[in-house]
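The C-terminal position of the sequence shown is numbered 426 in numbering that gives the first Met the number 0, with every residue numbered one higher than the one before it. All C-beta atoms, glycine included, are put in the ideal place defined by N, C-alpha and C.
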Amino acid sequence: MNAAIIFGILAVLMLTGMPISISLGLTVLTFLFTMTEVPLESVALKLFTGIEKFEIMAIPFFILAGNFLTHGGVAKRMINFATAMVGHWYGGLGLAGVLACALFAAVSGSSPATVVAIGSILLPAMVRAGFPNRFGAGIITTAGALGILIPPSIVMVMYSVATNTSVGALFMAGVVPGLALAATLGGVTWYRARKFDYPRQPKASFAERMKAFRDSVWGLLLIVVVMGGIYTGIFTPTEAAAMSAMYAFIVAVFVYKDMPLSDVPKVLLNSANMSAMLLYIITNAVLFSFIMTNENIPQALADWMLGNGLGVIAFLLAVNVLLLLAGNFMEPSSIVLIFAPILFPVAMKLGIDPVHFGIIMVVNMEVGMCHPPVGLNLYVASGITKMGITELTVAVWPWLLSMLVFLGLVTYWPGLSLWFPRMLGMM
């Protein structure tokens, strides 16, 4: 009954168009003041203990690093490198887009940042080369979603905060699925380019490839700094985030010199705004999680599912349907922070690995970012391509279908996610 009341209040507030973070906060306060006798002191204490986690500090640093890279010419050099490597294949520029998105995802941690950085440069070039606008838009919108699966990932940090799962293990678990999804999207791109005989680029010589690599090496090294540092234990994921922000600043301002020092305050301000927004959502989600736990809702859900003989296969199918439906109305950070504390205890009772469950949630978020009505990547790509959301939805359909197939694969094949972190001895 209490669960129905809590979610009823939340749904009504969200339907009024109120931001999710405020809806969460008001839901918690309304329920606390009218239906419980929880002392406000314990709520305040939970609020502070919930957001003083060391891992949360990684979020503003990764946002800052992504903003420096987006404005600092790194994306352009990565596109040139990707084009030199695969541009001569069918749909070469499209394949270069998938590869560039994968590379940029490995340094930015954000899907919208990946779409903006790669799409704003590559899409005009694809149209000039003779590709249909829809083809390029479909590739960039879906490949940009790799930003939250290929580590580092802000959404993975959110999941870690909500469930106390190791960020390092989550990052390493995202590597193989991230590369597999990039290969899947690349395969769809190649097939459609070959089917419709889209243009190919002249094959780059070895010297041209080496030049493109040398130009982009400072950006690519950031992947080594972050992943290598975490794997070798030199620093924690949070320290890696701080290192990546510092490194991105040095590369953008002093190495590539694409960003004047006068632009740095603007980038810092934008990053602070984005960080404050996410931290506000986290704060309210912590309170929401506290109410759910206090009312024993996750435990009751787990007991009901187990009592009705719902097994792992049915539970994971229900999770995917629920998260895909949530993706119609909410953005990834909110979905993870609201649903992870509810679904996680059930998953643990059913014996599902917490890292594997995290990757399932992240892949669901990726799909949600690419379909209407509130897919973030759709809106970002719409701004770049000047295409309407309906037209863009039609454009992404072939790639989105392949992502749904991939979601099924990740859901029911835990080894795809867990093999790499286990091999590294992180689990």
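Taking the alpha helix (DSSP H) that residue i belongs to, which residues open and close that run?
i, result
"residue 187", "174-194"
"residue 347", "331-348"
"residue 36", "It is not in any alpha helix (DSSP H) - residue 36 carries neither H nor E in the DSSP assignment."
"residue 109", "It is not in any alpha helix (DSSP H) - residue 109 carries neither H nor E in the DSSP assignment."
"residue 214", "205-222"
"residue 136", "132-142"
"residue 419", "413-422"
"residue 240", "236-249"
"residue 9", "1-14"
To which residues of the same chain is residue i closer than 6 angstroms at the C-beta, ignoring the five residues directly before and after it?
i, result
"residue 1", "294"
"residue 130", "197"
"residue 61", "108, 151, 153 and 240"
"residue 350", "none"
"residue 57", "156, 236, 237 and 240"
"residue 248", "67"
Which of helix, strand or coil does DSSP assign to residue i?
i, result
"residue 408", "helix"
"residue 481", "What the structure shows of the chain is the stretch from 0 to 426, and residue 481 is not part of that stretch, so it cannot be assessed."
"residue 262", "helix"
"residue 363", "helix"
"residue 376", "helix"
"residue 200", "coil"
"residue 164", "coil"
"residue 351", "coil"
"residue 315", "helix"
"residue 152", "coil"
"residue 100", "helix"
"residue 89", "coil"
"residue 385", "coil"
"residue 52", "coil"
"residue 294", "coil"
"residue 269", "helix"
"residue 230", "helix"
"residue 256", "coil"
"residue 18", "coil"
For residue i, count neighbouring C-beta atoms within 10 Å of its own C-beta (all shown protein chains included) and say buried if the count is 16 or more, exposed if not.
i, result
"residue 283", "buried"
"residue 416", "buried"
"residue 15", "exposed"
"residue 64", "buried"
"residue 233", "exposed"
"residue 332", "buried"
"residue 215", "buried"
"residue 320", "exposed"
Rounded to whole angstroms, how far is the Cβ of residue i from the Cβ of residue j, which I believe are closer than 8 angstroms?
i, j, result
"residue 95", "residue 78", "6 angstroms"
"residue 345", "residue 300", "6 angstroms"
Within the same chain, show all residues whose beta-carbon is closer than 8 angstroms to that of residue i, passing over the 5 residues directly before and after it, in chain order.
i, result
"residue 372", "327, 328 and 388"
"residue 203", "82, 83, 84, 86, 87 and 211"
"residue 260", "252"
"residue 53", "235 and 237"
"residue 386", "132, 133, 136, 380 and 394"
"residue 354", "164, 165, 168, 169, 172, 416, 417, 420 and 426"
Apart from the five residues on each side of it in sequence, which residues of its chain come closer than 7 angstroms, Cβ to Cβ, to residue i?
i, result
"residue 12", "22, 25 and 26"
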